[in-house]
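My numbering runs 19 ahead of the 1-based position in the sequence shown. Written out below as structure tokens is the structure these notes cover.
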Amino acid sequence: MPSNISCIKMFGKHSPSMDDGSNVQDAIISTLGSETSGGSLYIVKLTKPLDLNSSISSISQRIHEVATFNRTIWTADYHFNRSQAVIGTNLGAALVDLETGMASWVCRSRSDVFAQQIVHSGNAILCGLRNGAIVTVDVRDKRESSSARFIRHRMPCSPLDKTVGDFSRQWFELSGNIYPSCTVKMPSSISCLVSLQFDDNYFLASSMDGSVKLYDHRLIQRGAVQSYEGHVNSHTHIKLGVDPSEKFVMSGGVDCNLRLWSIKSGELLFEDKFSDSVLSTVCWHRAERPMRVGDERKSYKDYLYQQSYGFGTWLGSHEGLFYMHWP
20 MPSNISCIKM FGKHSPSMDD GSNVQDAIIS TLGSETSGGS LYIVKLTKPL DLNSSISSIS
80 QRIHEVATFN RTIWTADYHF NRSQAVIGTN LGAALVDLET GMASWVCRSR SDVFAQQIVH
140 SGNAILCGLR NGAIVTVDVR DKRESSSARF IRHRMPCSPL DKTVGDFSRQ WFELSGNIYP
200 SCTVKMPSSI SCLVSLQFDD NYFLASSMDG SVKLYDHRLI QRGAVQSYEG HVNSHTHIKL
260 GVDPSEKFVM SGGVDCNLRL WSIKSGELLF EDKFSDSVLS TVCWHRAERP MRVGDERKSY
320 KDYLYQQSYG FGTWLGSHEG LFYMHWP
């Protein structure tokens, strides 16, 4: 790839609620961009495993460049109801037609979109910004025109918005079909957003000060409905990983520790250090279908042994790729 990979998302012909790995057909890959060129969006065909020992030409036939943009691409997500992806950039968020490569802006912001998550059956997109805001963008009304015709919104500034020499700034502006009443403000830049599939009114959010919280769209004005203590972060994009049963959330930290919490109770269930670098990506082993279990403490102690395949998690860091397995 011409620059650093910023995001990989798997997708197929079936709804993402189907967790059978055989449904996965392809992956979208976004690249960050460099000093000389912007980020790009690719599709990789995964109907067969990539043979990295084969010729470059045979590998390149499996990789299709959808579009290149003159801006930084921080994140991407796949819109399973359409042949589209959504990208988060240093200028806002856009829907990208995967067949034509045409982009349609849905949100313009001077604060970079660091994290994204499609919610509400594909009708809305959560955008996590550099300034700590999480905004909900309605994408049912797709706008093809410039941001000048978007609905403009003014929202209160946080300390992150007040750059040197402009401490009197009270508001920041963004435009799009946004629900201001659904906006969340976290203490630092947004690192990751994960929507829960059993009920996508709930979503997990983490920020670069180490905060990890669970929100309910229906109770957004009351703040987080659960918090997860012990996470360590100060400046790094670190992913959250939710297991197929949606009972546990796992994440690495800048202290190189791996932690696992109960989503429901917020209790820290597991902590270990086995890497000398930050475990910045987490991917749980796919089960044949979403698993439902009862009590979290019982789940953690007994459920691991009741499943013949056990729990398995892929973890990535600068040091390498790890696979953690509880037999």
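Built from N, CA and C at the ideal position, the CB exists for glycine as well. Here the structure is a predicted model, which is why all the values come from computation and not from measurement.
- The DSSP-derived three-state label of G52 is coil.
- When only Cα atoms are considered, L298 and P199 end up about 34 Å apart.
- According to DSSP, residue pairing for V301 in a beta bridge involves L334.
- Between the stretch 46–56 and the stretch 89–104, the count of Cβ pairs shorter than 8 Å is three or higher; the stretches touch.
- Annotation: T94 to R237 spans about 26 Å, alpha carbon to alpha carbon.
- Secondary structure of G141 (DSSP, three-state): helix.
- When the five nearest sequence neighbours on each side are left out, the beta carbons in the same chain lying within less than 6 Å of the beta carbon of D262 are those of W303, in order along the chain.
- Going by beta carbons, F88 and G58 fall inside the 8 Å limit.
- In the structure shown, the three-state DSSP call for R173 is strand.
- Here F267 is not near L259, since their CB atoms are 8 Å or more apart.
- Take R81, set aside five residues on each side of it, and the residues of its chain with a beta-carbon closer than 7 Å to its own are V63, K64, L69, in chain order.
- Listed as beta-bridge partners of C146 by DSSP are Q135, V154.
- Only residues of its own chain outside the window of five on either side were considered, and among them V85, A86 have a CB closer than 7 Å to the CB of G120, listed in chain order.
- In the DSSP annotation of this structure, the continuous segment of the beta strand (DSSP E) that includes S128 starts and ends at 122–128.
- DSSP lists L60 as the bridge partner or partners of A86.
- Residue H83 holds the alpha-carbon nearest to the alpha-carbon of E118 among S225, H83, T108, S246.
- By the CB criterion at 8 Å, L233 and Q245 fall inside the cutoff.
- G31 is classed as buried because its beta carbon has at least 16 other beta carbons within 10 Å across all chains shown.
- Selection M269, F191, C275, D219 evaluated against S281 yields M269 as nearest (Cα-Cα).
- Ranked by how close their Cα comes to the Cα of V115, the residues D96, R173, V251 have D96 in first place.
- Here I153 is not near I144, since their CB atoms are 8 Å or more apart.
- Residue pairing of V273 in beta bridges, as defined by DSSP: absent, with no partner found.
- The C-alpha of L60 is placed about 29 Å away from the C-alpha of C201.
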